[in-house]
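> Each step along the sequence shown adds one to the number in numbering that gives the first Met the number 0, with nothing skipped, and position 25 is 24.
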Amino acid sequence: MKSAQHILLAASLLALASSFAYASDPSPLQDICVAINDTNHGVFVNGKFCKDPKLVKAEDFFYSGLNIPRNTSNPMGSTVTPVSVAQIPGLNTLGISLARLDFAPNGGLHAPLIHHRATGVLVLVQGTLHVGFVTSNPENRFITKVLYPGDVFVFPVGLIHFQFNVGNTNAVAFAALNSQNPGDITIANAVFGSTPPINPDVLVKAFQLDKNVVKNLQSKF
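Okay, structure coming up:
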């Protein structure tokens with residue numbers, strides 16, 4: 000009898016724990032979503048509005064051209080080609096997206112950034128990349144690796160990471176991310192190029208820099 004009671008109690012606790020697990024909020028799919036009672040003035044949902052299933056076509060799930068090399072003639076020497084819900088509407092609610100990353104030789108950089116809604120898995124198909132991410136406070140551990148064609152590296156959600164071409168040829172990689180809209184926060188752009196600008200005194204103290212250096216950096220972004 001006691002054994003049966005223990006099994007029943009364990010089953011009840013498991014059911015209760017499962018109900019808590021499934022009651023968690025879904026991950027946000029945009030940076031902000033302010034509640035509004037008047038639906039006539041609502042413009043966003045947590046994702047996109049859905050098409051009538053009867054009107055869905057194959058093109059809603061299709062993208063072409065990811066095999067085409069991208070132009071990397073820019074200050075960073077890199078280009079990211081996203082394939083998210085903006086490019087493939089059929090990705091809506093499916094929680095996945097893809098990107099192609101092209102790097103110029105000798106220093107093409109995907110500058111330090113955060114994907115605040117997704118973990119990324121990157122596979123290198125051409126060239127040599129120095130990659131890494133930094134763990135959260137207080138350790139701030141730098142986890143890094145040099146990748147060669149066929150190598151795979153994981154970038155955990157919400158952590159600062161980068162990819163840097165250390166080879167003398169073009170580099171190409173593909174990344175899969177577990178969100179239809181991973182979100183990109185490039186650190187330098189966000190800190191030194193915000194609109195309106197962050198008060199230079201804040202950045203002087205945060206980065207322990209001369210104020211003229213901070214203003215110069217802000218002018219570049």
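For glycine and all other residues, C-beta sits at the position ideal for the given N, C-alpha and C.
Any idea if V55 is buried or exposed, counting beta-carbon neighbours within 10 angstroms, 16 or more meaning buried?
Indexing the sequence shown from 1 puts residue 55 at position 56. Classification for V55: exposed.
> Please report the residue range of the beta strand (DSSP E) in which S77 lies.
Position 78 of the sequence shown, counted from the start, is the residue given in the question as residue 77. That run of the beta strand (DSSP E) goes 77 to 82.
> Between which two residues does the beta strand (DSSP E) harbouring L121 extend?
Sequence index remark: in the sequence shown, residue 121 carries index 122 (1-based). Start and end: 119 to 125.
> Excluding the 5 residues preceding and the 5 following G89 in the sequence, name in chain order all residues of the same chain whose CB lies nearer than 7 angstroms to its CB.
The count along the sequence shown starts at 1 and reaches residue 89 at position 90. Same-chain partners within the cutoff: D59, F60.
> Taking the straight line between their C-alpha atoms, what separation do you get for N70 and N36?
Position 71 of the sequence shown, counted from the first residue, corresponds to residue 70. Position 37 of the sequence shown, counted from the first residue, corresponds to residue 36. Looking at the two C-alpha atoms, the distance is approximately 45 angstroms.
> If you follow the alpha helix (DSSP H) that D101 is part of, which residue opens it and which one closes it?
The residue given as residue 101 occupies position 102 in the sequence shown. Taken as a continuous stretch (DSSP letters only), D101 belongs to no alpha helix (DSSP H), being part of the beta strand (DSSP E) at 96 to 102.
> In angstroms with no decimal places, state the Cα-to-Cα distance between V82 and I67.
In the sequence shown, the residue the question calls residue 82 occupies position 83. In the sequence shown, the residue the question calls residue 67 occupies position 68. Near 13 angstroms, if we compare the C-alpha coordinates of I67 and V82.
> Between which two residues does the beta strand (DSSP E) harbouring L128 extend?
Looking up residue 128 in the sequence shown gives position 129. Segment 128 to 133, the beta strand (DSSP E) holding L128.
> Applying the criterion that 16 or more other CB atoms from any shown protein chain within 10 Å of the CB defines a buried residue, is P181 buried or exposed?
Taking the first residue of the sequence shown as position 1, residue 181 is located at position 182. Label assigned to P181: buried.
> For Q29 and T185, what's the separation of their Cα atoms in angstroms?
To locate residue 29, count along the sequence shown from 1; it is residue 30. To locate residue 185, count along the sequence shown from 1; it is residue 186. Straight-line Cα distance between these residues: approximately 16 angstroms.
> Measuring alpha carbon to alpha carbon, tell me which residue in E138, S96, N139, V165 is nearest V120.
Numbered from 1 along the sequence shown, position 121 holds the residue referred to as residue 120. Among E138, S96, N139, V165, the Cα nearest to that of V120 belongs to S96.
> State the CB to CB distance for the pair K214 and P199, rounded to an integer number of angstroms; the pair is presumed to be in contact (CB under 8 angstroms).
Position 215 of the sequence shown, counting from 1, holds the residue named residue 214. Position 200 of the sequence shown, counting from 1, holds the residue named residue 199. Confirmed, Cβ separation roughly 6 angstroms.
> I need the DSSP call for L54, collapsed to helix, strand or coil.
Along the sequence shown, read from residue 1 onward, the residue named residue 54 stands at position 55. L54 falls in the helix class under three-state DSSP.
> Between L177 and the rest of its own chain, which residues show a CB-CB distance below 7 angstroms, the 5 nearest in sequence each way excluded?
Within the sequence shown, residue 177 is the residue found at index 178, counting from 1. Per the sequence shown, the amino acid found at residue 177 is Asn instead of Leu. Excluding sequence neighbours, N177 sits near G94, I95, A117, T118.
> Which residue comes first and which comes last in the alpha helix (DSSP H) that contains Q217?
The residue you call residue 217 lines up with position 218 of the sequence shown. Q217 -> alpha helix (DSSP H) spans 210 to 219.
> Just reading off the beta strand (DSSP E) that P137 is part of, what are its end residues?
To locate residue 137, count along the sequence shown from 1; it is residue 138. First-last for P137: undefined, no H or E at that position.
> Locate the alpha helix (DSSP H) running through P199, then write down its first and last residues.
Translated into positions along the sequence shown, residue 199 becomes position 200. P199 -> alpha helix (DSSP H) spans 199 to 206.
> Taking the alpha-carbon positions, what's the Q217 to P196 distance?
Within the sequence shown, numbered from 1, the residue matching residue 217 stands at position 218. Within the sequence shown, numbered from 1, the residue matching residue 196 stands at position 197. Looking at the two C-alpha atoms, the distance is approximately 8 angstroms.
> Hey, quick one: how far does the alpha helix (DSSP H) through I186 stretch, first residue to last?
Position 187 of the sequence shown holds residue 186. Run containing I186: 186 to 191, per the alpha helix (DSSP H) assignment.
> Can at least three beta-carbon pairs, one atom from the region 129 to 143 and one from the region 156 to 165, be found at a separation below 8 angstroms?
The region 129 to 143 vs the region 156 to 165: in contact.
> Given this structure, state the Cα-to-Cα distance separating F173 from I113, to the nearest angstrom.
Here the question's residue 173 lines up with position 174 in the sequence shown. Here the question's residue 113 lines up with position 114 in the sequence shown. Straight-line Cα distance between these residues: approximately 17 angstroms.
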